[in-house]
Amino acid sequence: MDTRKLATFVDLAQTKNYSKTAERIFSNQATVSKHILALEKAWNVQLFSRAHRTVTLTHAGETILPAVLELLEKEQQLNRVIKNQSSKEIKELVIKGIPSISQYQAFNVITDFAKQYPDVNLKFSEAETDTLLDTLDDGNADIVFTRLFGNKQLHHDMLINDQDYFVALMPKIHPLAGYKKLTMELLKNESFLLLDSSTNLFKPIISLLKEAGIEPRITYEGRRIDLILGMLDQGMGVSIMMNKSFDLTDYQNIVAIPIEPKQYSRLAFIRRHGKHSATSELFWKFAQKHEGK
């Protein structure tokens, strides 16, 4: 049902004047008359009496008017609900990232965005790397920041934000600690402290070690970078991580040495392909402008 015609009916019932109603609904008398005639034809009743150049509601019109008023009020309530929901959707943004995100440029992009757009309800959290794409595909995140190896093409929108490479971490007292660079072969007799498969680093590291003919002896396999750094700082073992994924400020007894040839990973913002919310588009364009800064 065309609620514009209903609104015209209600207004004419109040003004009892075609020209006044036309003025109030920003239209003309012909349109007002057309709306009323259309309703009368559809309902098979006469809504107004036009005798003696005056306009008055008929008995049928008076009976129908309260129901029309109620219907228009319901429409206004519906529009308010839709507007509120639309506003929430537009202003909410869920971003999830790898646990080491604070070491990468992406962290600055997210915090700068939050400062520039304080009206956006940003929900930012960390998640294990192996769950991020599933979180995205399940609709539990609008955008994720994750690490990618190789050139595998994803069925997602992708914005490369950074890159990183593998380094060997070891105590400063280690015989190899003075090297400027290392090959995997030099690590064949080491006891390794490694991040587990949930970080998406374990498999690439094991592959590199095996390519070098090394069957690694793993002393620690877990998710906590701080625990690995603590063990290294106490003189225990060797680790392999991405160069930017850790902070040695509080670990003065550890050195990080590049592994040659360098094996790179890409760090990227990723979102589902297709239609996105206005806030997702806003963040994506913001991140694109900050790319390479």
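Under UniProt numbering, think of the first position of the sequence shown as 1, with each following residue one higher.
All residues carry an ideal CB built from backbone N, CA and C; glycine is no exception.
In the three-state reduction of the DSSP assignment, Gln46 falls in the coil class.
Boundaries around Ala168 are those of the beta strand (DSSP E), His156 to Pro171, since no alpha helix (DSSP H) includes it.
Distance from Val120 to Ala256 at the Cβ level is roughly 37 Å; contact not present, criterion being Cβ atoms closer than 8 Å.
Taking a C-beta distance under 8 Å as the contact criterion, Tyr251 and Asp233 qualify as a contact pair.
For Ile225, the uninterrupted alpha helix (DSSP H) run begins and ends at Ile225 to Asp233, by DSSP. From the listed residues Ala22, Leu169 and Phe48, the smallest Cα separation to Val32 is found for Ala22.
In the structure shown, the three-state DSSP call for Phe26 is coil. For Pro66, the secondary structure class from DSSP, reduced to helix, strand or coil, is helix. Looking at Arg272, Met242, Ser49 and Ser19, the one whose alpha-carbon comes closest to that of Gln163 is Met242. For Ala51, no beta strand (DSSP E) segment is defined, and its DSSP state is neither H nor E. Burial check for Gln77: the Cβ neighbour count within 10 Å stays below 16, so the residue is exposed. DSSP places Pro261 outside both helix and strand once states are collapsed to three, so it counts as coil. It is roughly 46 Å from the alpha-carbon of Leu186 to the alpha-carbon of Ser280. The beta carbon of Ala13 is closer than 6 Å to those of Leu57 and Leu65 in its chain, skipping five residues each way along the sequence. Straight across, the Cα-Cα distance linking Gly139 with Arg4 is about 38 Å.
Phe113 sits in a helix when the DSSP states are folded into three classes.
Among the bridge pairs identified by DSSP, Tyr18 is matched with none. Contact check for Ile95 against Ile143 passes: the beta carbons are separated by less than 8 Å. Pairing Leu209 with Glu215, the inter-Cα distance amounts to about 7 Å.
Following the DSSP letters along the chain, one finds Phe149 in no alpha helix (DSSP H) but inside the beta strand (DSSP E) bounded by residues Ile143 to Phe149.
Contact between Gly150 and Glu126 does not hold, since the beta-carbon distance rounds to 24 Å and is not under 8 Å. Here Val238 carries a strand assignment [DSSP, helix/strand/coil].
Boundaries of the alpha helix (DSSP H) around Ile205: Phe202 to Glu211. Within the same chain, and ignoring the five residues on either side of Lys262 in sequence, the residues whose Cβ sits closer than 7 Å to its Cβ are Tyr165. Nearest in C-alpha terms to Thr8, of all of Leu72, Ala60 and Ser49, is Leu72. DSSP, read as helix, strand or coil, puts Thr249 in coil.
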